[in-house]
Amino acid sequence: MSTTAMHPLVRDLYKRAIIVGRDYPHPDGVEYVRRKWKEALRNPENCALIEGTSCDILSENERIIRKAVGRGRYVSDYFYHVISARFFFGLLRHSPGSCFVGRARNGRDHSTQKIQNNEATLRGGSGC
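The sequence shown lines up with residues 7 to 134 when you count with my numbering.
Structure representation (C-alpha cells):
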C-alpha cells in the first residue's frame, strides 16, 4: 500500500462520487458505490504515472492525473443524470393524473388513454 498523499483533485472526485452514489439504486446503496470507486481509484491501469522526480516527469504526471480525473468526473456526472432521470420518470409514472404516456412495467400500452385525453381536451374538457 502506498503512503503517498492523495491528490486534491482525486479526493474531490471521490467525494463527488459518494454524494452521487447516495441515491444509487443498488441493495448495498452507498457502500457499493464506495467500494467500486475505491477499487477504480486504486487501480494503476486507470492512471499510469511515470516514475521519477524531474520537473518534466512531474508535469507529465500532473497532466495524466488531470486527464484521469476528467474521465472520472464524466462518469460521475453521467450517473448523476441517470439517477435523476430514473427518479423523475418514476415520479411521473406514479403520480395521479400524470400525462406521462408510455409502456408500463406490465407491458400494457397506454396509447388509448392518451387518445381519450386528447379528445377530451379538444371538446373543452380537462384531459391531461
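Here a beta-carbon is modelled for each residue, glycine too, at the ideal position from N, C-alpha and C. Remember, it's a predicted structure, so these values are computed and weren't measured experimentally.
Rounded straight-line distance, which links the Cα of Arg28 to that of Asp34: Locating residue 34 in the sequence shown gives position 28, where the first residue counts as 1. Locating residue 28 in the sequence shown gives position 22, where the first residue counts as 1. Approximately 10 angstroms between the Cα atoms of the pair.
Can you tell me where the alpha helix (DSSP H) holding Ala23 begins and where it ends? Reading the sequence shown from its first residue, position 17 is the one you call residue 23. Counted as a single uninterrupted DSSP element, the alpha helix (DSSP H) harbouring Ala23 occupies residues Pro14 to Gly27.
Touch check for the segment 50-61 and the segment 70-82: three-plus C-beta pairs under 8 angstroms? Result yes; three or more Cβ-Cβ pairs closer than 8 angstroms.
Assign Ser117 to one of three DSSP states: helix, strand, or coil. The residue labelled residue 117 in the question sits at position 111 within the sequence shown. Its pLDDT being 48, under 50, Ser117 is placed unreliably in this model, and the coordinates cannot settle the point.
Would you mind sorting Ser82 into buried or exposed? The rule is 16 or more other CB atoms within 10 Å of its CB. What you label residue 82 is simply residue 76 of the sequence shown in a count that begins at 1. Result: buried.
First through last residue of the alpha helix (DSSP H) which encompasses Ala46: Start at 1 with the first residue of the sequence shown, and residue 46 comes out as number 40. Run containing Ala46: Val36 to Arg48, per the alpha helix (DSSP H) assignment.
I believe Ile89 touches Tyr30 by the beta-carbon criterion, under 8 angstroms. Please report the beta-carbon distance rounded to the nearest angstrom. Residue numbering aside, residue 89 sits at position 83 when the sequence shown is read from its first letter. Residue numbering aside, residue 30 sits at position 24 when the sequence shown is read from its first letter. In this structure Ile89 touches Tyr30 by the C-beta definition: roughly 6 angstroms separates them, less than 8 angstroms.
Could you say which of Gly78, Phe93, Ala91 and Arg92 lies nearest to Arg22 if we only look at CA atoms? Mapped onto the sequence shown, residue 22 falls at position 16. From the listed residues Gly78, Phe93, Ala91 and Arg92, the smallest Cα separation to Arg22 is found for Gly78.
Own chain partners of Val36 with C-beta closer than 8 angstroms, once the 5 adjacent residues on each side are dropped: Looking up residue 36 in the sequence shown gives position 30. Cβ within range, chain order: Ile24, Gly27, Arg28 and Tyr30.
With 16 other CB atoms within 10 Å as the buried threshold, where does Ala74 fall? Position 68 of the sequence shown holds residue 74. Classification of Ala74: buried, given that the 10 Å Cβ count is 16 or more.
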